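Peer 1: So the protein sequences, as listed, match chains A and B.
Take any residue in the first sequence, note its place counting from 1, add 4, and you have its number in my numbering.
Take any residue in the second sequence, note its place counting from 1, add 33, and you have its number in my numbering.
Below is a structure I'd like to ask you about.
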Amino acid sequence: MTERARQAASAAQKKEITNRWLLSAPALVLIAVASVGPLLIVLLYSVLAPGSYGDVKWELSGQGWFNVFLSRDIFDDTISLADAHVMILWRSAKLAVITTVLCLIVGFPTAYFIASRAPHNRSIWLFLITIPFWTNMLIRGFAIQEMIRNEGLANTILMKLGIISTPIQMLYTDFAILLGMVYVHLPLMVLPLYASLEKLDFRLVEAGYDLYATRLKVLWRIIIPLVKPGIIAGSILVFIPALSSYVIPRILGGGKNLMVGNLIELQFGQGRNWPLGAALSITLVIIVLFAMLYYVKNAGKTGGGHA
Amino acid sequence: MRKRFDIRVQPGFAMIAMFCFFLLYVPIFTLVVYAFNSGISIARWEGFSFRWFVAAWNNNLVIEAAIRSVQIAAIAAIIATAVATLAAIATTRTAGYRGLTFKYSFINMPLMVPEIVTAVALLILFSRIKVWTGYSGLGYLILAHTAFCIPFAYLPIRARLENMDLALERAAADLYATPFKVFRYITLPLLWPGILAGLMLAFVISLDDIVITEFVKSAGQETLPTYMLGQLRRAITPEMNAISTVFLLLSLAIVTIFFFLSRSNEKSD
């Protein structure tokens with residue numbers, strides 16, 4: 005290639021790259037303005053002092069972050085662990101983990117069941133999993149609420165069967181939150197698991213049986229290790245939104261049974277402590293970020309195939 | 034006679050799977066059934082009637098909220114799909130260039146940030162802008178919805194593009210088509226199923242949003258989900274079931290179309 009041709013080629017390449025930036029600019033700007041950019045404001049607010057009627061005072065202060073984990077006694081200034089906040093963070097993590105485990109217990113056999121159907125039947129079963137997924141979260145929460153309220157179907161059936169004589173209070177308890185969260189997040193577990201299981205090479209399973217493995221052993225030593233990326237993908241995809249749930253605990257958990265999402269809202273509403281709310285938000289983002297990193301490292305590489 | 038040994042079967046799995054489908058559908062099914070209850074209770078069946086659908090239809094608050102929801106979702110989905118299409122063209126079918134990975138992860142970022150955090154961030158930002166400019170229209174909601182819809186529109190379009198060969202576009206360019214003509218007559222028609230899929234997805238996502246809308250909306254800007262959230266705190270009549278049922282059918286229709294579109298997406302490669 006002559007020098008001129010090379011120059012022309014590199015100029016054309018430069019032009020193409022510029023074009024590509026111009027084309028993606030509107031999307032990038034919109035996301036920067038109305039989704040990712042405002043997070044920086046939250047970060048800034050977390051180190052400002054709370055205003056008396058909400059909002060913030062424009063002075064640096066570590067109070068927001070201090071209040072996430074610690075609290076100062078208003079009478080004698082002693083510093084102690086901020087029980088209420090730490091407890092809610094802990095509670096949220098606990099509920100999210102239990103949700104993930106329950107989703108895995110129900111979701112794995114379901115995904116396996118779908119993956120072991122005849123190929124032309126699979127998409128119908130998958131479609132049945134996706135319909136609830138696309139149903140508005142509020143409607144699903146409301147549906148659960150109706151099922152488990154005192155005069156709801158669950159209690160009515162239990163009473164008709166004579167198992168209980170008075171309705172059990174299920175709504176507005178941790179049980180309700182868990183049930184709602186499992187219900188809402190189940191498809192997020194089934195879909196990536198299915199993507200992994202679908203690629204499962206059943207010749208390996210057959211080899212296991214040929215070597216006199218039991219069904220349980222085949223499951224435990226062959227199938228589960230092979231679809232581990234899918235299990236990790238599904239678990240993280242459930243854990244992250246479960247941890248930051250807001251709607252489900254709000255409608256099923258009643259006033260007292262909060263999760264961290266509701267605690268954040270409280271700080272911007274009645275709590276009037278915006279820096280604390282901001283610091284809690286950043287804490288949540290950091291936890292989610294670590295979960296994402298773990299996901300990319302462990303589930304991403306084999307293309308666990310999440311939707 | 035012993036049954037043939039099926040290596041695919043795991044004991045109990047089919048039962049758990051059936052339980053899973055049962056769990057997924059019974060609550061929704063019950064909700065739909067009670068929408069047709071003629072009584073005022075959402076737990077005791079008193080006969081079949083459409084009265085609650087009529088009641089919802091005659092409830093101005095519901096209709097207003099529904100119209101607002103569809104308005105916001107339509108505008109947000111169209112803008113999001115348009116910019117996502119451009120972005121998808123800019124980030125696929127290239128040997129790679131500096132900033133490509135950055136763009137890709139930046140566009141997907143709204144999917145990774147917890148919604149409640151984005152909601153709080155937008156509340157802070159928009160409440161300041163409202164004070165500065167005095168504007169408190171639907172623009173904030175549309176802007177917020179557009180931003181979080183972009184990654185949802187982007188994913189199916191990108192998937193479609195990645196399966197598209199550049200040869201046709203090159204051939205057109207060789208025959209002296211201008212870049213615009215290549216885009217209009219070659220790229221766009223081939224990409225169309227992906228774009229429609231993206232549009233549907235973005236529309237449903239916007240229609241379903243609660244958390245961000247709840248924080249960003251000004252007074253009198255209820256969408257259907259936020260209206261319903263407000264109602265859930267009060268005594269509930271089957272009117273809620275009726276609204277939910279209509280909402281459900283709408284989502285179902287859109288998702289079905291999306292399902293067939295993305296199927297044709299897969300087939301064509």
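Backbone N, C-alpha and C fix where the C-beta goes; we use that ideal spot for every residue, glycine too.
Bear in mind the structure is a predicted one, so any value in this text is a computation, not a measurement.
Any Cβ of chain A within less than 8 Å of the Cβ of Phe139 of chain B?
Peer 2: In the second sequence, residue 139 of chain B corresponds to position 106, counting from 1. Yes, its Cβ sits closer than 8 Å to a Cβ of chain A.
Peer 1: Leu155 of chain A versus chain B: which residues are under 7 Å apart at the beta carbon?
Peer 2: Your numbering for residue 155 of chain A matches position 151 in the first sequence. The sequence as given places Glu at residue 155 of chain A; Leu does not occur at that position. Ala76, listed in chain order.
Peer 1: Give a yes or no on whether 8 Å exceeds the smallest Cβ distance from Tyr130 of chain B to chain A.
Peer 2: Residue 130 of chain B sits at position 97 when you count from the first residue of the second sequence. Output row for Tyr130 of chain B: interface = yes.
Peer 1: Could you give the distance in angstroms between the alpha-carbon of Cys107 of chain A and the alpha-carbon of Phe236 of chain B?
Peer 2: What you label residue 107 of chain A is simply residue 103 of the first sequence in a count that begins at 1. What you label residue 236 of chain B is simply residue 203 of the second sequence in a count that begins at 1. Their backbone Cα atoms lie some 28 Å apart in a straight line.
Peer 1: Let's test the definition: count the other Cβ atoms within 10 Å of the Cβ of His124 of chain A and tell me whether it reaches 16, buried, or not, exposed.
Peer 2: As a position in the first sequence, residue 124 of chain A is number 120, starting the count at 1. Counting Cβ neighbours within 10 Å, His124 of chain A comes out exposed, since fewer than 16 surround it.
Peer 1: Is it right to say Glu155 of chain A is buried, meaning 16 or more other beta carbons lie within 10 angstroms of its own, or is it exposed?
Peer 2: Within the first sequence, residue 155 of chain A is the residue found at index 151, counting from 1. With fewer than 16 Cβ atoms within 10 Å of its Cβ, Glu155 of chain A is classed as exposed.
Peer 1: Going by the beta-carbon positions, is the gap between Thr125 of chain B and Arg191 of chain B smaller than 8 Å?
Peer 2: Translated into the one-based positions of the second sequence, residue 125 of chain B becomes position 92. Translated into the one-based positions of the second sequence, residue 191 of chain B becomes position 158. Against a cut-off of 8 Å, the Cβ pair of Arg191 of chain B and Thr125 of chain B comes out as a contact.
Peer 1: I believe Ile268 of chain A touches Val244 of chain B by the beta-carbon criterion, under 8 Å. Please report the beta-carbon distance rounded to the nearest angstrom.
Peer 2: On the first sequence, position 264 is the one that residue 268 of chain A refers to. On the second sequence, position 211 is the one that residue 244 of chain B refers to. Contact flag wrong, Cβ pair sits at about 11 Å.
Peer 1: Kindly indicate if chain B contains any beta-carbon less than 8 Å away from that of Val188 of chain A.
Peer 2: Taking the first sequence and counting its residues from 1, the one referred to as residue 188 of chain A is at position 184. It does not; no Cβ of chain B falls within 8 Å.
Peer 1: Would you identify the three-state DSSP class for Asn70 of chain B, choosing helix, strand or coil?
Peer 2: Working through the second sequence from its first residue, we reach residue 70 of chain B at position 37. Note: Asn70 of chain B maps to strand in three-state DSSP.
Peer 1: Please state the DSSP three-state secondary structure of Val146 of chain B.
Peer 2: Translated into positions along the second sequence, residue 146 of chain B becomes position 113. In this structure, Val146 of chain B counts as coil in the three-state DSSP scheme.
Peer 1: Can you pull the chain A neighbours of Thr151 of chain B, defined as C-beta to C-beta under 8 Å?
Peer 2: Taking the second sequence and counting its residues from 1, one reaches residue 151 of chain B at position 118. Chain A residues near Thr151 of chain B: Ser39, Pro42, Leu43.
Peer 1: Which residues, in order along the stretch 238 to 251 of chain A, keep a beta-carbon less than 7 Å from a beta-carbon of chain B?
Peer 2: Residues passing the 7 Å Cβ filter: Ser248, Tyr250, Val251.
Peer 1: Is the CB of Ala110 of chain B under 8 Å away from at least one CB in chain A?
Peer 2: Locating residue 110 of chain B in the second sequence gives position 77, counting from the first residue. So no, Ala110 of chain B is outside the interface.
Peer 1: With the cut-off set at 8 Å, would you say Thr114 of chain A and Ala246 of chain A are in Cβ contact?
Peer 2: The sequence position of residue 114 of chain A within the first sequence is 110, counting from 1. The sequence position of residue 246 of chain A within the first sequence is 242, counting from 1. For Thr114 of chain A and Ala246 of chain A, no; Cβs fall outside 8 Å.
Peer 1: Say whether chain B places a C-beta atom closer than 8 Å to the C-beta of Val46 of chain A.
Peer 2: The residue labelled residue 46 of chain A in the question sits at position 42 within the first sequence. True, the Cβ-Cβ gap to chain B drops below 8 Å.
Peer 1: If you run the structure through DSSP and keep just helix, strand and coil, what is Cys53 of chain B?
Peer 2: As a position in the second sequence, residue 53 of chain B is number 20, starting the count at 1. Cys53 of chain B falls in the helix class under three-state DSSP.
Peer 1: Indicate whether at least one CB of chain B lies closer than 8 Å to the CB of Phe131 of chain A.
Peer 2: Counting from 1 along the first sequence, the entry for residue 131 of chain A is found at position 127. So, interface residue.
Peer 1: Could you check which residue in A:Asp87, A:Ile45, A:Met91 has the C-alpha nearest to that of Ile286 of chain A?
Peer 2: Taking the first residue of the first sequence as position 1, residue 286 of chain A is located at position 282. Answer by Cα proximity: A:Ile45.
Peer 1: Please report the residue range of the beta strand (DSSP E) in which Val231 of chain A lies.
Peer 2: The sequence position of residue 231 of chain A within the first sequence is 227, counting from 1. First-last for Val231 of chain A: undefined, no H or E at that position.
Peer 1: Can you tell which of B:Asn70, B:Ser74, B:Leu94, B:Ala76 has the C-alpha that lies nearest to the C-alpha of Arg84 of chain B?
Peer 2: As a first step, residue 84 of chain B must be located in the second sequence, where it is residue number 51. Selected option, being the one with the closest Cα: B:Asn70.
Peer 1: Can you list, in chain order, the residues of its chain whose CB lies under 8 Å from that of Ile61 of chain B, leaving out five sequence neighbours each side?
Peer 2: Counting from one through the second sequence, the residue named residue 61 of chain B turns up at place 28. Closer than 8 Å at Cβ, skipping near neighbours: Leu281.
Peer 1: For Ser239 of chain B, does the three-state DSSP call read helix, strand or coil?
Peer 2: The sequence position of residue 239 of chain B within the second sequence is 206, counting from 1. Reduced to three states, the DSSP call for Ser239 of chain B is helix.
Peer 1: Output yes if chain A places a C-beta closer than 8 Å to the C-beta of Val244 of chain B; else output no.
Peer 2: Counted from its first residue, the second sequence places residue 244 of chain B at position 211. Residue-level contact check: Val244 of chain B touches chain A, since one or more beta carbons of chain A fall below 8 Å from its beta carbon.
Peer 1: Between the Cα of Val40 of chain A and the Cα atoms of A:Val289, A:Gly184, A:Thr160, A:Asp205, which residue gives the shortest distance?
Peer 2: Here residue 40 of chain A refers to the residue found at position 36 of the first sequence. The residue with the shortest Cα to Cα distance from Val40 of chain A is A:Val289.
Peer 1: Using DSSP's beta-bridge definition, name the partner residues of Phe185 of chain B.
Peer 2: Residue 185 of chain B sits at position 152 when you count from the first residue of the second sequence. In the DSSP output, where bridge partners are listed per residue, Phe185 of chain B has none listed.
Peer 1: Would you say Ala15 of chain A reaches chain B, if we count a Cβ-Cβ gap shorter than 8 Å as a contact?
Peer 2: Taking the first sequence and counting its residues from 1, one reaches residue 15 of chain A at position 11. No - not a single Cβ of chain B is within 8 Å of the one on Ala15 of chain A.
Peer 1: Check distances from the C-beta atoms of the stretch 221 to 248 of chain B to those of chain A and list, in chain order, the residues that come in under 7 Å.
Peer 2: Val237, Asp241, Ile243, Val244
Peer 1: Under 8 Å by Cβ, that's how I've got Ala177 of chain B and Ala295 of chain A pegged, so tell me the actual separation to the nearest angstrom.
Peer 2: Within the second sequence, residue 177 of chain B is the residue found at index 144, counting from 1. Within the first sequence, residue 295 of chain A is the residue found at index 291, counting from 1. Going by Cβ atoms, the distance from Ala177 of chain B to Ala295 of chain A rounds to 24 Å, so no, they are not a contact pair.
Peer 1: So for Leu64 of chain A, helix, strand or coil by DSSP?
Peer 2: As a position in the first sequence, residue 64 of chain A is number 60, starting the count at 1. Looking at Leu64 of chain A - three-state DSSP - the assignment turns out to be strand.
Peer 1: For Ala47 of chain B, decide whether its Cβ has a neighbour in chain A, counting only Cβ atoms nearer than 8 Å.
Peer 2: Along the second sequence, one-based indexing puts residue 47 of chain B at 14. By this cut-off, Ala47 of chain B is an interface position.
Peer 1: Beta-carbon separation of Leu155 of chain B and Phe248 of chain B under 8 Å?
Peer 2: As a position in the second sequence, residue 155 of chain B is number 122, starting the count at 1. As a position in the second sequence, residue 248 of chain B is number 215, starting the count at 1. Contact flag set, yes.
Peer 1: What is the DSSP secondary structure of Pro245 of chain A, counted as helix, strand or coil?
Peer 2: For the purposes of this step, residue 245 of chain A is identified with residue 241 of the first sequence, where counting begins at 1. If DSSP states are grouped into helix, strand and coil, Pro245 of chain A belongs with the helices.
Peer 1: Could you tell me whether the Cβ of Val95 of chain B comes closer than 8 Å to any Cβ of chain A?
Peer 2: On the second sequence, position 62 is the one that residue 95 of chain B refers to. No, because no Cβ of chain A sits closer than 8 Å to the Cβ of Val95 of chain B.
Peer 1: Is it buried or exposed, Thr211 of chain B, if we count other Cβ atoms within 10 angstroms and call 16 or more buried?
Peer 2: As a first step, residue 211 of chain B must be located in the second sequence, where it is residue number 178. By the neighbour-count rule (16 or more Cβ atoms within 10 Å), Thr211 of chain B is not buried but exposed.
Peer 1: Using the rule of at least 16 other Cβ atoms within 10 Å of the residue's Cβ for burial, across every protein chain shown, is Ala230 of chain B buried or exposed?
Peer 2: Locating residue 230 of chain B in the second sequence gives position 197, counting from the first residue. Ala230 of chain B comes out buried.
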